[in-house]
Structure formats: structure tokens, C-alpha cells
Amino acid sequence: MDLLIQDVPTLVLVIVGVPAVLAAYIVGGEYIVRLLPDKARPSVRPWIWVGPALIIVAAFLVAPAIGTVIQSFENHAGNWVGLTNYQRQLADFPTGGAWIAIRNNVYWLVLYTLFVLFFGLLLAVLFDRVRYEQIVKSLIFLPMAISSVALGVIWKFMFWYQPGDAPQTGTLNYIVVNWLHQSPKTWLTDPSINNFSLIAAAVWGITGFSMVILSAALKGIPGELLEAARVDGAGEITIFRRVIFPLMMPTVVVVGTTLVIFALKAFDIVYVMTAGNFGTDVLANRMYKLLFQSDNPGGSSAVAIILLVAVIPVLIFNLRQFRAVEARR
Amino acid sequence: MRTLKPSRGLLLGLVAVVIAAACGAPGASNPSPEASVHGGSVSVLGVWSDGELDSFNAVLAPFTAQTGITVSFETSRDQDAILTTRVTAGNPPDLAAAPSPSLLTRFAQQGKVINLENIMNMTQLKSDYDKGWIDLGTVNGHLVQIFSWADLKGLVWYNPKVFAAKGYTVPKTWADMITLQNKIKADGTTPWCMAVENGAASGWAGSDFHKEIVLSTVGPNVYDSWWQGKTKWSSPAIKSTWTTFGQILGSGDSNVYGGANYVINTTFGDVGTPMFQNPPKCTMLNQASFITSFFTKANPSLKPGVDFNFFPLPDVNPQYAGAHVGAASAWSMFKDTPQARALLRYLATPEAQAIWVTRGGKLSPNKRVPLSAYPDDQTRAIGALLTSAKIFKYDAGDLMPSDMKNAYWSAILDFIRDQSKLDSILQSLDKVQATAYQAT
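Sequences listed follow chains F and L, in order. Position 78, counted from 1, in the first sequence is what the working numbering calls 78; the numbers after and before it change by one each time, with no gaps. When you read off a place in the second sequence, starting at 1, and then add 329, the result is the number in the working numbering.
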């Protein structure tokens, strides 16, 4: 309660102060532009408007990124050690260094992205044809409202393991034991399945996102096109393959690349459910562990840069696609 | 006051501090002006929650009542991460109660913690604590940590009723224990319960069992050089401790209830549940002194001494009989404020430590906490074991750099899953050992 009262001035400052400063900046900036000769105005005005964004991006994104690059070449004491940190992370293929994490990120990249796209597309197309579409879509979108940590905890209960002679309290093992009459599975600790268990939990959480966006794209396809195709005698599957899917392709690509970035950033679910044990480590979790548990900022930065290098091509592709989609409108 | 008998000395000492603090009078017995502090607050970072936090708050209550200093306690199980971030950012808490000294030692080496020689009454401290505790808190010749509450590891818990019914006797030697283990198996029950799952810290519960074996197999010197990173994991001495641990697990984990899958998928606190079922699913379990609070929480009808009792894990090598591994809460100061000084001095007193001891679940490393402060005979026996241990060593995992510690815990998990992979597990531990000690 004390804290709340203490925070009141800060709160007032934020609510009143921030808009005030913004308004002053806009008015002030515009006033300065007005003072300039007519010809110079168009070349100055944009900089006034993007200026704050540029400064913020430089201060909170570019500068730390450069700092991370520098740190990745330093040891704990801050001395230059060249590529040692990278060598350690990339040593002893296929089980040493960061290789397990890299392998798992590839699993995530491929399976997570494909499954989310597949389910999202399937649900969007199928629910488009039923009357209770809105209700079902809301239900499937619901997991998006759950934080990843809560999602991890929930799925940990779903995957709970009890020995064969004890009552199964985990949902999945209950089904495995009582309906399929198999011995219970250790979903999270058996290295042959645990990565897929984690990915399945993550897919459950994000499918709603992909479905909603793809569904919106589907609704954007003009009805006349589909009618024309039907008149020409095309079956529904042909229509989906030849008309709907190509028209949705730009959206599918944008959602897909976004998911690829999500997959590369995977952290919370792994941290909560297995903490990277039993061969489920991913790069983001490794980065966290190296920095905070091992106090190894150099190694952690090296992992961060490896991750960044992996994301950049996807990022560029994603931006191009965004532009392409914009251009088509 | 230094020449007074302990029992009166401690009383007078505390009274003096309290009076000095409460009245704002210049403390005659304590020359530092900070003792006259009244009011204000002190921030503390620790790992306690639930029942443990209640106990800590009970410890703080008289302090706050007498000095008017409020303690704002921040709790997190992921303390390493939070403390590292806050110290690096220059915004540390006044005091931190880390469960392990390794993290605080690292800060001490970086000069981020306050030296305590001029803050604590060193003469008193040295007479209250065994030299081992003082040495443990000393980095580069300066005292930077003091210890309040302790846990004793290497206790084997069992149900005396079951032992009596089946005619089992408490083993005195390692060979006795292996015989007992085989006998239990021959009777058709599982000898051991084990559970090591604990989120990001999974594996530590198994490592406790293992490091107890290490200490009583290789002795204190090799134990020290092992956690210091000077003895390789793959060295014959350390490797033999893993095979001994494997002897407990049995081939194909046949000695542990539910096999490896149960062990690595069950939360450490639930370890006792199968032992108290009817009929019991297992006969013994190894865990530190704190586990009794988990027994009684899950099953309030259980009585110490009647339904569960303990024996110290027999020593593998009789040469090192009476060896025990333990752990304690290590206190360090990050900001030197009068309030932080007052709290730290208070926490070192037997009075403060006795409050938690009486509430149960913790032992005190302070020799002036009387055995009568313990709530029952069983905890009293453990408390006596702590103060009388011939060889007492701090938890090796907590002393290792965090990188090494985490690799150790993961190795325990891997070993329980598949004992045949021991050689490759030890190799990868050697690799971590080669780099982990350079960072600090």
C-alpha cells in the first residue's frame, strides 16, 4: 500500500507528462519547420517526425546489439579473446557446446512453423463454412491469452508421469494407460519424445494466432472469384489448391516467417517445463543460463549473436514479404 | 562482556544491542554509532517462501518490534539471476541470504560485498561458530559471509514400525547397508525411494546422496580439491563414488521405487509419499533434515520418532567415519547502512537463530543455541550430529561455480536415466570443469 501511494506522483507524471512532452515536441518541431524556407521544409519535416523513433531504436536496440557483438569477443575480465567464445559454443559437434540447442532450434523451426501453419490454415478454411464459426474461433484463440509460463505449467500437468502401478494424474498418461493399455510415457524426460512434447504444447498455444490472421485473409478473397471457379466446374479441393491458397500465399508467408522468428526465440516453455535438461535445450535458454547462472557474458553474447545471425535472413525475407503484400493492395 | 559465561554473555549482548538501538542511547558495550539506529528499513533478498518465509518473519518480528526497522523481503527461487542482475546494475539489496556461498564468493572476489570484520563482533563470532564456518565465509582474508541456519544432509529416513515388523536393524557400516538393501529386495519390497525433479534445479536431490558418498569415500582433502576443480571427475577416486551410487540405484534402477522414470519425474518434496503408503512401496530414503516438514505437510498424522526416524548414512570408508555434508544460509552485505548492520548482527545471535530452530525445519550453526531449543528429540539428535560431526563439509555443489554445479545436477539426471553412460557423462563433466573455473 505504501508503495502504491509512493508511486502516485510517478503515475501522474507518466499519464500527464508523457503526452505533454509529445505534444510539445510535435508543436515545437512544426514551429521550427515553419521558420525554414519553403523548399527546405519537405526534407526536414520527416526527420522531425522519425527523429524520436530513430533515437529510441538507436539507444535501446542498435547500441546494445553492438555492445553484445563486442562482448562476444571478450572474456569475463573484458579482455579481447578473439573467436574463443564462438569456438567453445561450436565445439564438439554434434553433442558439445551449443549443438544440442542448435539442433533443437531446427526442430522447433521446422515442426512448430509447419504445424501451426497447417492447423491454422485447416481451421480457418473449415470454420469458414460453419455457422458457429465465431464461437469456435474464439475458443481456439483463447490460449493466446495465457502467458507462456502458465501454458508451460498447465502442460506439465498434462504430461505428468506416475509409475505404472500408481493412479495416473497426467491427462495424456491417463489416456495412454487406461484407454490404450500401454505403460505410461515420460513425456518430458525421454529424449526421443520430449522435444516434440514441448513443441506440441507451444503449437497449442499459438495456433489461434495463425488461424485468426489466415481466416482474415480468407475472408478477403472476393466471392466472385470462387463463384467463377465453381461455374467453370472446379471442385472444392481444386478451388482451394488453385484459387484460395495462391491468393492467401502472401499472408501464409508473413505468418510463417513470424512463426520462424517465434521458434528461434523459444524460451519460456522450455525453461518452465524441462529447464533445458534431457536434451531439450534451445539457444535462448542456453543464452539465459550462460549469462545468469554461469556468469559467462562472453559465451552468452556469442550465443546471442549466433541466434541473431540465424534470424537476420528470415527478418529480411519477412520485411520483403510485408512490402510485397503492401504493394499488391 | 567477552569474559562473561556464554549463556549470560549472549543475553547481555543482545540486551545491550537492543537497548542501544531502541533508546538511541550511545551503546556503551558497542562503540559503533550505528547501534543507535532506530527506524528506517533494510532490503533483503532471499529464497524463502511459504512456511519457511513464515519462520523467517517470526525471526524478524522481535527485531522490528525492538528497533523499529522494517525489513522488506524479496523472495525468488531464481536468486542467482536476480542477484547477478541487480549487483551488475549497481542496485543490490542491502543484504542477501543466498542458499549457497559460491555466488556470494564470486561477488566478494569482484569487490561487490562489504567486509564484515569491522561490523560484526569478531571475538563473539569466533567463539560462537566453529572455525570451519568462519573460514567458509572468508574470501581473500576478509570475512564476507556469516551463516544463520543450516541443514544436515546424508540422513536416511525410514519407518521404524516397518523396520520392527520386518526385523530390520539400522545399519552401522556401508556393508551392513548393502546387506540390508539386498534383504529388503529379497523380501519383495523396494529398498529406496528417490525423487529429484525440481524445475531448473532438477538433480540436486540426487547429488546430495552422491556427494555424501564422495566425502565418506575419498575424505575431506580430495573432496575439497574435487569441488575446487583440481580433481578430475574421471579420476578413479571420483569415478568409484559414481559406481557406489549406482550400487544404491541397483542395476536397471531396480533398487528404487518406480525406476529411473519415477525418480527423475517426481518432485523432490514428494519423495516420502510411497514410503508412508500402506503397504509401503519403499523402505528408506535419503534427504537432508528439512524433509520432515514435507512428510508432515503431506501426512499430518505422522509423528517424528514414531512413524519416521533417521540414521546417518553409513560411511563408505571407515577411515572417514562421522563425515557429514551440510548447507546453510549465507548472509552477505551489499550496502553498508546502519539498519543492515543492525539486522546482520541480530541474525548472528543465538536468540534470533533459536526462533526458527524452535519452529522446526532448521538447525543452527551457532554453538550457543541450546539443544533444548529444538522442538523434538529427533531434531535435537540431528542438531547434535551437526555440532559433533567429526568431518563437516559444506555442500560441494553449492561451492562449485554455477556452471559446474548445473552440469553436476544434469549429470546426476543422466546417470540415473542410464548408468552405462557413466564414462561419457564424466568426460563431459571434465570438459565443463576445464572452463567453469576460469570465469570466476
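Idealized CB from N, CA, C, for every residue including glycine. These numbers were taken from a predicted model, which means no experiment stands behind them.
Could you give the first and the last residue of the continuous alpha helix (DSSP H) run that contains Asn638 of chain L? Numbered from its first residue, the second sequence carries residue 638 of chain L at position 309. Per DSSP, Asn638 of chain L lies in no alpha helix (DSSP H); the unbroken beta strand (DSSP E) holding it starts and ends at 638-641.
Can you check whether the C-beta of Arg435 of chain L is within less than 8 Å of a C-beta belonging to chain F? As a working mapping, residue 435 of chain L is identified with position 106 in the second sequence. Interface criterion met: the Cβ of Arg435 of chain L is under 8 Å from a Cβ in chain F.
Cβ of Asp732 of chain L within 8 Å of any chain F Cβ: Within the second sequence, residue 732 of chain L is the residue found at index 403, counting from 1. Chain F, which has a Cβ nearer than 8 Å to the Cβ of Asp732 of chain L, makes this yes.
Chain-order list of residues whose beta-carbon lies under 6 Å from that of Lys441 of chain L (same chain, five-residue window excluded): For the purposes of this step, residue 441 of chain L is identified with residue 112 of the second sequence, where counting begins at 1. Excluding sequence neighbours, Lys441 of chain L sits near Val416.
Determine whether the Cβ of Ala275 of chain F lies closer than 8 Å to any Cβ atom of chain L. As a working mapping, residue 275 of chain F is identified with position 275 in the first sequence. For Ala275 of chain F, the nearest CB of chain L lies under 8 Å from its own CB, placing it at the interface with that chain.
Bridge partners - Ser661 of chain L, DSSP secondary structure assignment: Counting from one through the second sequence, the residue named residue 661 of chain L turns up at place 332. Beta-bridge annotation (DSSP): Ser661 of chain L is paired with L:Ala425.
Chain F contact for Gly397 of chain L (CB, 8 Å cutoff): As a working mapping, residue 397 of chain L is identified with position 68 in the second sequence. It does not; no Cβ of chain F falls within 8 Å.
Using only the alpha-carbon positions, how far apart do Ala351 of chain L and Lys559 of chain L sit? In the second sequence, the residue the question calls residue 351 of chain L occupies position 22. In the second sequence, the residue the question calls residue 559 of chain L occupies position 230. Only weak support exists for where Ala351 of chain L lies, its pLDDT of 41 falling under 50; the value from the coordinates is given anyway. Cα to Cα, Ala351 of chain L sits roughly 50 Å from Lys559 of chain L.
Could you give the first and the last residue of the continuous alpha helix (DSSP H) run that contains Ile206 of chain F? Within the first sequence, the letter at position 206 stands for residue 206 of chain F. Secondary structure note for Ile206 of chain F: its alpha helix (DSSP H) is the uninterrupted segment 194-219.
For Asn79 of chain F, would you say it is in contact with chain L, using Cβ-to-Cβ distances shorter than 8 Å as the test? By 1-based counting over the first sequence, the position of residue 79 of chain F is 79. Taking Cβ atoms only, chain L never reaches closer than 8 Å to Asn79 of chain F, which makes this a no.
Where Leu36 of chain F falls: helix, strand or coil (DSSP): Against the first sequence, residue 36 of chain F aligns to sequence position 36. Coil.
Residue of L:Ala718, L:Lys722, L:Asp636 minimising C-alpha distance to Ala493 of chain L: Taking the second sequence and counting its residues from 1, one reaches residue 493 of chain L at position 164. The residue with the shortest Cα to Cα distance from Ala493 of chain L is L:Asp636.
Met249 of chain F - DSSP class collapsed to helix/strand/coil: The sequence position of residue 249 of chain F within the first sequence is 249, counting from 1. Helix, per DSSP.
I need the straight-line Cα distance from Val698 of chain L to Ala77 of chain F, nearest angstrom please. As a first step, residue 698 of chain L is located in the second sequence; it is residue number 369 there, counting from the start. As a first step, residue 77 of chain F is located in the first sequence; it is residue number 77 there, counting from the start. Within the model, the alpha-carbon separation for Val698 of chain L versus Ala77 of chain F is close to 43 Å.
With a 10 Å radius around its C-beta and 16 neighbouring C-beta atoms as the bar for buried, classify Met506 of chain L as buried or exposed. Residue 506 of chain L sits at position 177 when you count from the first residue of the second sequence. Looking at its Cβ environment, which holds 16 or more other Cβ atoms inside 10 Å, Met506 of chain L is buried.
Rounded C-alpha distance that separates Arg320 of chain F from Glu326 of chain F: On the first sequence, residue 320 of chain F is found 320 positions in, with the first residue counted as 1. On the first sequence, residue 326 of chain F is found 326 positions in, with the first residue counted as 1. Rounded to the nearest whole angstrom, the C-alpha separation of Arg320 of chain F and Glu326 of chain F is 10 Å.
Rounded to whole angstroms, what's the CA-CA distance from Gln762 of chain L to Val14 of chain F? Just pull it up for me. Taking the first residue of the second sequence as 1, we reach residue 762 of chain L at position 433. Taking the first residue of the first sequence as 1, we reach residue 14 of chain F at position 14. Distance between the alpha carbons of Gln762 of chain L and Val14 of chain F is about 49 Å.
Under the three-state DSSP convention, the category Asp281 of chain F falls into: Position 281 of the first sequence, counted from the first residue, corresponds to residue 281 of chain F. In the structure shown, Asp281 of chain F sits in coil (DSSP, three-state: anything other than H, G, I, E or B).
Between which two residues does the beta strand (DSSP E) holding Met613 of chain L run? Residue 613 of chain L sits at position 284 when you count from the first residue of the second sequence. In the DSSP assignment, Met613 of chain L falls within the unbroken beta strand (DSSP E) covering 611-616.
Answer with buried or exposed for Val50 of chain F, where buried requires no fewer than 16 other C-beta atoms within 10 angstroms of its C-beta. As a first step, residue 50 of chain F is located in the first sequence; it is residue number 50 there, counting from the start. So Val50 of chain F counts as exposed.
Within this structure, are the beta carbons of Ala656 of chain L and Ala534 of chain L separated by less than 8 Å? Position 327 of the second sequence, counted from the first residue, corresponds to residue 656 of chain L. Position 205 of the second sequence, counted from the first residue, corresponds to residue 534 of chain L. No, the Cβ-Cβ distance between Ala656 of chain L and Ala534 of chain L is not below 8 Å.
Neighbouring residues, chain L, relative to Ser294 of chain F (Cβ below 8 Å): Taking the first residue of the first sequence as position 1, residue 294 of chain F is located at position 294. Within chain L, the residues near Ser294 of chain F are Pro730, Ser731, Asp732, Asn735, Ala765, Ala768.
Listed by chain order, chain L residues near Thr186 of chain F by CB distance under 8 Å: Start at 1 with the first residue of the first sequence, and residue 186 of chain F comes out as number 186. Here the neighbours are Asn590, Ile593, Asn594.
Those residues which DSSP pairs with Thr399 of chain L across a bridge: Reading the second sequence from its first residue, position 70 is the one you call residue 399 of chain L. As DSSP reads the structure, Thr399 of chain L sits in a beta bridge with L:Ser370.
Where does Lys734 of chain L land, buried or exposed, given buried means 16+ other C-beta within 10 angstroms? On the second sequence, position 405 is the one that residue 734 of chain L refers to. Buried, because 16 or more other Cβ atoms sit within 10 Å of the Cβ of Lys734 of chain L.
Would you call the region 651-666 of chain L and the region 498-515 of chain L touching, i.e. three or more CB-CB distances under 8 Å? No, they do not touch.
Determine, using beta carbons only, whether Gln762 of chain L comes closer than 8 Å to chain F. Your numbering for residue 762 of chain L matches position 433 in the second sequence. Closer than 8 Å: no.
Between L:Ser569, L:Asn628, L:Leu578, which has its C-alpha nearest Met613 of chain L's C-alpha? Along the second sequence, one-based indexing puts residue 613 of chain L at 284. Nearest in C-alpha terms to Met613 of chain L, of all of L:Ser569, L:Asn628, L:Leu578, is L:Leu578.
Provide the residue span of the alpha helix (DSSP H) that contains Asp732 of chain L, from first to last. Here residue 732 of chain L corresponds to residue number 403 of the second sequence, with the count starting at 1. Element bounds for Asp732 of chain L: 731-746.
Counting only the same chain and skipping the five closest in sequence on each side, list residues whose C-beta sits under 7 Å from that of Phe159 of chain F. Here residue 159 of chain F corresponds to residue number 159 of the first sequence, with the count starting at 1. Correct list, in chain order: Gly170, Leu172, Trp187, Leu188, Ser197.
Could you tell me the alpha carbon to alpha carbon distance between Val373 of chain L and Arg674 of chain L, rounded to whole angstroms? Your numbering for residue 373 of chain L matches position 44 in the second sequence. Your numbering for residue 674 of chain L matches position 345 in the second sequence. Distance between the alpha carbons of Val373 of chain L and Arg674 of chain L: 14 Å.
Determine whether the beta carbon atoms of Val371 of chain L and Leu424 of chain L lie at a separation below 8 Å. The count along the second sequence starts at 1 and reaches residue 371 of chain L at position 42. The count along the second sequence starts at 1 and reaches residue 424 of chain L at position 95. For Val371 of chain L and Leu424 of chain L, yes; Cβs fall inside 8 Å.
From Asn695 of chain L to Gly634 of chain L, what distance separates their C-alpha atoms? As a working note, residue 695 of chain L is residue 366 in the second sequence. As a working note, residue 634 of chain L is residue 305 in the second sequence. Between Asn695 of chain L and Gly634 of chain L, the C-alpha separation is close to 25 Å.
Taking the alpha helix (DSSP H) that Asp705 of chain L falls in, what are its first and last residues? As a working note, residue 705 of chain L is residue 376 in the second sequence. Note, Asp705 of chain L: premise wrong, no alpha helix (DSSP H); not H, not E.
DSSP state of Ile404 of chain L, grouped into three classes? As a position in the second sequence, residue 404 of chain L is number 75, starting the count at 1. First, the amino acid is wrong: residue 404 of chain L is Thr here, not Ile. Correct three-state label for Thr404 of chain L: strand.
Can you give me the C-alpha to C-alpha distance between Ala681 of chain L and Leu714 of chain L, rounded to a whole angstrom? By 1-based counting over the second sequence, the position of residue 681 of chain L is 352. By 1-based counting over the second sequence, the position of residue 714 of chain L is 385. Cα-Cα distance, rounded: 21 Å.
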